[in-house]
Amino acid sequence: MRRRPAGRRPAYERLPTIDRVSPLNADLHCHSLLSDGTLEPEALAARARRNGVQLWALTDHDEVDGQRRAAVAARAQGLDYLSGVEISVTFAGVSVHIVGLGFDAADRRLRDGLAATRSGRDRRAHQIAAALEHEGIGGAYAGALAHAGNPAMISRTHFARFLVDAGVCADTDAVFRRFLVEGKPGYVPHRWAALADAVRWITGAGGVAVVAHPARYRFKPNEEQALFSEFVAHGGRAVEVVTGSHSPAEAVRYAQVAADFGLLASCGSDFHAPGESRIDLGALPALPSRLTPVWSELEHRVQRA
Ligand code: AMP
Ligand code: MN
Ligand code: MN
Ligand code: MN
């Protein structure tokens, strides 16, 4: 495991303390090894408990197969649980992530939609490997697959871990910057689900749809407005304000977006792996107190410990 350089404090220790809405520590965004995390759902539940989380959701990419295990593990740890997923969407040519919370994980249309969304991953993985081959890096498909375990789940994160293992880059962030983001040689454009479909799958299964980490998208202002307008028009209800992907200034900015669009506010670390993720499970500051937290409208969907 790669260690953080001595003296560099993790980003969450530099975040300001925001007065809490309630003492509730909610972490509603993270990944297990069923998608691109490295820990089993049970290990995540134990880590969440150790870090003081009270309400938890596992949100694997385009996959709900870990939900039963996560809910059982949450109960064993004394955590309240909301079902979760993070759906990959293409909007205005940009990859956008929509988190779903509090849905029925057995819902057939949701499961079929997620299966269709996953179906393009293996083909894209072969294309990414071919692009890396062109850069003189061989064996990337097999290397990424060894990390993913399942061809339908191969993500850029698995390629990043392979390239770190191979000694090409020092850490996964460096791999993304050098190879895997738009404009870089290992980037392959891909069409994910439509925004309307992702929101409909979540709401049709009784859940709430949430725009994940909005500051990550490189939209022009009018495109971002269009994203939120269309999201609301399709029945989307919430936005992540406090996330491992946002700076304090970005949290303030999206608190205002939540107010402007009448959206509920969500929060989650987006934890993937020890030593890799900037922010640990349960380590985020609370939501600003003037916002309505997403769980206030999901009381009936919470699986109580
Ligand atoms: P994919 O769904 O295969 O396109 O991969 C997206 C995943 O890659 C995200 O869920 C993150 O875990 C990770 N990711 C995306 N962009 C970055 C970045 N700039 N630095 C580190 N990880 C990233
Ligand atoms: Mn991920
Ligand atoms: Mn995401
Ligand atoms: Mn995520």
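Going by this note's numbering, the final residue of the sequence shown carries number 327, and the count climbs one at a time with no gaps. No residue lacks a Cβ here, since even glycine has one placed at the ideal position from N, Cα and C. What you are looking at is a predicted structure, and each value in this text was computed from that prediction instead of being measured.
In this structure, how does DSSP classify D41 when only helix, strand and coil are distinguished?
Unreliable placement is indicated for D41, whose pLDDT of 42 sits below 50; no coordinate value is reported for it.
With hydrogens ignored, establish whether the beta-carbon of T112 is closer than 7 Å to any heavy atom of ligand 1.
No.
Could you check if T81 belongs to the surroundings of ligand 4, using beta carbon to heavy atom distance under 7 Å?
yes
Looking only at its chain, what residues have a beta carbon closer than 6 Å to the beta carbon of L249, apart from the 5 residues adjacent to it on each side?
F113
Within the same chain, show all residues whose beta-carbon is closer than 8 Å to that of A67, passing over the 5 residues directly before and after it, in chain order.
For A67, same chain residues with a beta-carbon under 8 Å away, outside a window of 5 residues either side, are W78, A92, A95, A96, A98, Q99 and L101 in chain order.
Determine the contact status of Y276 and V261, defining contact as a CB-CB distance below 8 Å.
yes
For G88, collect the residues of the same chain with a Cβ closer than 7 Å to its Cβ; drop the 5 residues on either side in sequence, then sort them by chain order.
S54, L56, P63, L80 and D82
Alpha carbon to alpha carbon, how far is Q149 from R222? Give it in angstroms, no decimals.
30 Å
Given G226 as reference, the closest of S311, W214, R130 and D195 once Cα atoms are compared:
When each option's Cα is compared against that of G226, the closest is R130.
Given a threshold of 16 other Cβ atoms within 10 Å of its Cβ, counted over all protein chains shown, does A70 qualify as buried or as exposed?
buried
For G135 and A297, the rounded distance between their alpha carbons:
Note on identity: in this sequence residue 297 is Gly, with Ala being the wrong assignment. In a straight line, the C-alpha of G297 is about 33 Å away from that of G135.
Tell me which residue opens and which closes the beta strand (DSSP E) that L123 is part of.
It spans V116 to L123 - the beta strand (DSSP E) in which L123 sits, taken as one unbroken run.
Curious, which full-length beta strand (DSSP E) runs of at least 3 residues does the region 261-300 contain?
286-290
Since I150 is in the alpha helix (DSSP H), which residue starts that stretch and which ends it?
From DSSP, the alpha helix (DSSP H) with I150 extends over R143 to H156.
Between the Cα of A287 and the Cα atoms of S299, T265, E108 and V316, which residue gives the shortest distance?
V316
If you draw a straight line from the alpha carbon of A127 to that of G158, how long is it in whole angstroms?
42 Å
DSSP puts V111 in a beta bridge; with which residues?
V118 and A215
N231 - partner residues in DSSP beta bridges:
The question names Asn, but residue 231 is Ala in the sequence shown. The partner list for A231 (beta bridge, DSSP) reads G122.
Which same chain residues end up closer than 7 Å to G142 when comparing Cβ atoms and leaving out the 5 residues on each side of it in sequence?
H212
Considering only residues of the same chain and omitting the five flanking positions on each side of L309, which have a CB-CB separation below 7 Å?
V43, V263, V264, A287, C289 and P315
What would DSSP say about Q76, mapped onto helix, strand or coil?
coil
Run through DSSP, which three-state label would E319 get?
helix
Let's test the definition: count the other Cβ atoms within 10 Å of the Cβ of H322 and tell me whether it reaches 16, buried, or not, exposed.
When all chains shown are included, H322 counts as exposed.
Could you please give me the residues that DSSP links to T83 through a beta bridge?
Reading the sequence as shown, one finds His at residue 83 and not Thr. H83 pairs with E108.
Taking the beta carbon of E204 as the centre, do at least 16 other beta carbons fall within 10 Å, making it buried, or is it exposed?
It is exposed - the Cβ of E204 has fewer than 16 other Cβ atoms within 10 Å.
Using a 10 Å radius around the Cβ and a threshold of 16 neighbouring Cβ atoms, would you call N47 buried or exposed?
buried
When we look at the beta-carbon of R178 and count the other beta-carbons within 10 Å, is it buried (16 or more) or exposed?
buried
Going by C-alpha to C-alpha distance, which of G258, R326, N172 and F181 sits closest to A162?
The shortest Cα separation from A162 among G258, R326, N172 and F181 belongs to F181.
Within 6 Å of ligand 3: residues by beta-carbon to any heavy atom
E108, H119, A234 and H235
Identify the residues that DSSP records as bridge partners of D102: which are they?
For D102, which the question treats as bridged, DSSP gives the partners L77.
For C52, the residue or residues it bridges with in DSSP:
F293
Continuous alpha helix (DSSP H) stretch holding G135: start and end
R130 to R140
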